[in-house]
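Numbering (this note's numbering), first residue to last: 787 to 1489. Even for Gly, the Cβ is constructed at its ideal location relative to N, Cα and C. Computed from a prediction, not measured in an experiment: that's the story for all the values here.
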């Protein structure tokens, strides 16, 4: 999320001046362009017709020229090698059937990339056709000795080791996931997804089997395993001098695979950034060509880094390990969605037994390689996965305030904020002008009172009969929660607009909020813990801001509630001292380097502190103003709520406001902020169990 700011005459905030955090932007305003060449993605998309050619050219990859060596190494027989190739195709078919219908929010179609892909797939078909025809000719000439060996020497006594053969084989079929990147753009997905499954992938299975058979008409097991370029070794024996053209064709095929990978992976970055999991710049597209240019640059940098290891088989194994962890989690989420969202539209309904089978495959493909061949790479991959998990802040369900329906989950490594988990901030309030136009935020203090910023409601053009609050609603476009008219506004009597001193106000509602709705809760007022009011929050304390504000200066507000983690900044720091106007009633919050902040539309919303003593959230500050949003040289400024407890109580009286720790078991420990000690116990136990198990396996392997 990002903050609020006084706007310039044209309606946009001036990033060089002091800015309040309210907004005059329309809720349904379209996204605006950024600079001359890059713009944010719009919700409008160009539909593309997916057919057998589109799916075939993405299924048929370059892995078939590399993977045979890895599959044979782990199976040690021609017969089992061919069986694994067929099974990999069947598994990929099941995965496509399942995953191909899950994600419907992705990227944009790019005609140039698809046209170029047609050229590459044509060359790829020429290459595989040469290998297949050459193999059939060799069989006709009687070169079948290697094929007759069948299952001799198979590693059937080591079923766990076969998982590594699946890694190599499934990597060659990885093109099945490419169409998921454009599911949103498909016409008639119910028809075209089945065509992709039945026609394209079945064809690829047959092609891969024929290519492997062709390899074995030329090379024995030992020769294939010793070859650094399987297809070229085959070509030397079959094509003679004409083999020189084969590396050229394979290189063009690899370029086509890179094109497909870029088509897919760059859009993952774009969609991730759109939802706050990457810096916002990765959600932009190049205006003229409609390509996610920042995502492509990111993928290029990562690809170069991944090319540093010299062993391609290890790289395949480690990447496949991570891929199947996420595939398994996706299948679990699919089953959960079948129960939590039974009426959701599904282009293809996948039976639960099929999903369970896919989960079992995923478990096997994650666990078996680690047991069969422990390697430090798996440990590193696991640690990275555990480090990026979200921090969960448990909620004291017995607490009368500061505890919502769901525990809060925050990924503190998100740049620029993230969409808040549903129903985790039950006290979030949207202040709206009729008709349904969000302009500021607020917090529920009690059944009839809401706390907000004075600059949100101290407006000569704002008529009280136009002002309503919406509670119990995370998505402003939903039709849930409660809408209540404001009956009275209490602006702090010493509110000074020029300096934003005493930027606090209380709204009295025309009727009480119904807390029978489990999505609604009260936020705690801060407890002082025996410290001076001006000392809270402590410097460096982790704080969380929420709101529907813009994600950049001069942007448009979000329809979904967002959350961001920042730190309390000392008044003496330059990024605070050049913004703050009163060190007693205000404090600053920011992150080093900028990039995280509140912004326009978040004014009046809460900046909260989590007490791991009481397992409650308390109100530390009210979003007030700042210079720009997320700038490294300017911190956001917030009203220090601790200084106004007496004034709040004088107005609200005994209407149900609660201080943090009231009616809750207390401890003598001082607060230590938002720390990972607040993570769920089960998460910590599982993390230690995974790391301990992997270390144990590595130690056992060394003996």
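Between residue 1344 and residue 1337, the CB-CB gap stays under 9 Å. In the DSSP assignment, residue 1020 falls within the alpha helix (DSSP H) that extends over 1016-1024. Burial is judged here by how many other beta carbons sit within 10 angstroms of a residue's own beta carbon; residue 1388 has at least 16 and is buried. Judged by DSSP secondary structure, residue 1301 falls outside any beta strand (DSSP E); it is assigned neither H nor E. By the Cβ criterion, the segment 1310-1329 is in contact with the segment 1422-1439, since at least three pairs of Cβ atoms, one from each stretch, lie closer than 8 Å. Leaving aside the five residues that flank residue 1210 on each side, the residues in its chain whose CB is nearer than 6 Å to its CB run, in chain order, 1190, 1192 and 1194. Looking at the DSSP output, residue 1373 sits in a beta bridge with 1424.
Look at residue 1119 here: in three-state DSSP terms it is helix. Residue 1032 is not a Cβ neighbour of residue 1042, given a cutoff of 9 Å. One Cα belongs to residue 1318, the other to residue 1310, and the distance between them is close to 18 Å.
For residue 1217, no alpha helix (DSSP H) encloses it; the enclosing beta strand (DSSP E) starts and ends at 1214-1219.
Annotated as distal: residue 1203 and residue 1386, with beta-carbon spacing of 9 Å or more. Residue pairing from DSSP leaves residue 994 without any beta-bridge partner. The segment 914-926 makes contact with the segment 996-1007: 3 or more CB pairs, one atom from each, lie closer than 8 Å.
Look at the segment 1063-1097 and you find these whole runs of beta strand (DSSP E), each 3 residues long or longer: 1070-1072. Across the set 1027, 1331 and 1067, the C-alpha of 1331 shows the shortest separation from the C-alpha of residue 1405. Taking the CA atoms as reference points, residue 1092 sits about 25 Å from residue 1070. In this structure the segment 1159-1171 lies against the segment 1105-1118, because at least three pairs of beta carbons, one per stretch, are closer than 8 Å.
DSSP places residue 1294 in the strand class (E or B) of the three-state scheme. Under DSSP, the beta-bridge partners assigned to residue 1354 are 1375. Between residue 1356 and residue 1392, the alpha-carbon positions lie close to 19 Å from each other.
Taking residue 870 as reference, the option from 1403, 1381 and 958 with the minimal CA-CA separation is 958. One thing to note: residue 950 has its Cβ within 9 Å of the Cβ of residue 1159. When 1234, 1138 and 1114 are compared, the shortest CA-CA separation from residue 1124 is found for 1138. Taking C-beta separations shorter than 8 Å and ignoring five residues to either side along the sequence, the partners of residue 1068 in its chain run 1055, 1056, 1058, 1059, 1078, 1080, 1081 and 1084, following chain order. As the crow flies, the alpha-carbon of residue 948 is around 53 Å from that of residue 1213. In the three-state reduction of the DSSP assignment, residue 1113 falls in the helix class.
Boundaries of the beta strand (DSSP E) around residue 1331: 1328-1333. Look at residue 1254 here: in three-state DSSP terms it is strand.
For residue 1272, the uninterrupted beta strand (DSSP E) segment begins and ends at 1268-1277. For residue 1143, the enclosing alpha helix (DSSP H) stretches over residues 1138-1158. Residue 1194 sits in a strand when the DSSP states are folded into three classes. Beta bridge pairing from DSSP links residue 1437 with no other residue.
Straight through space, the alpha carbons of residue 1335 and residue 1064 are spaced by roughly 18 Å.
Contact fails between the segment 1215-1225 and the segment 1432-1448, because fewer than three Cβ pairs, one in each stretch, are under 8 Å apart. For residue 1226, the beta-bridge partners assigned by DSSP are 1217.
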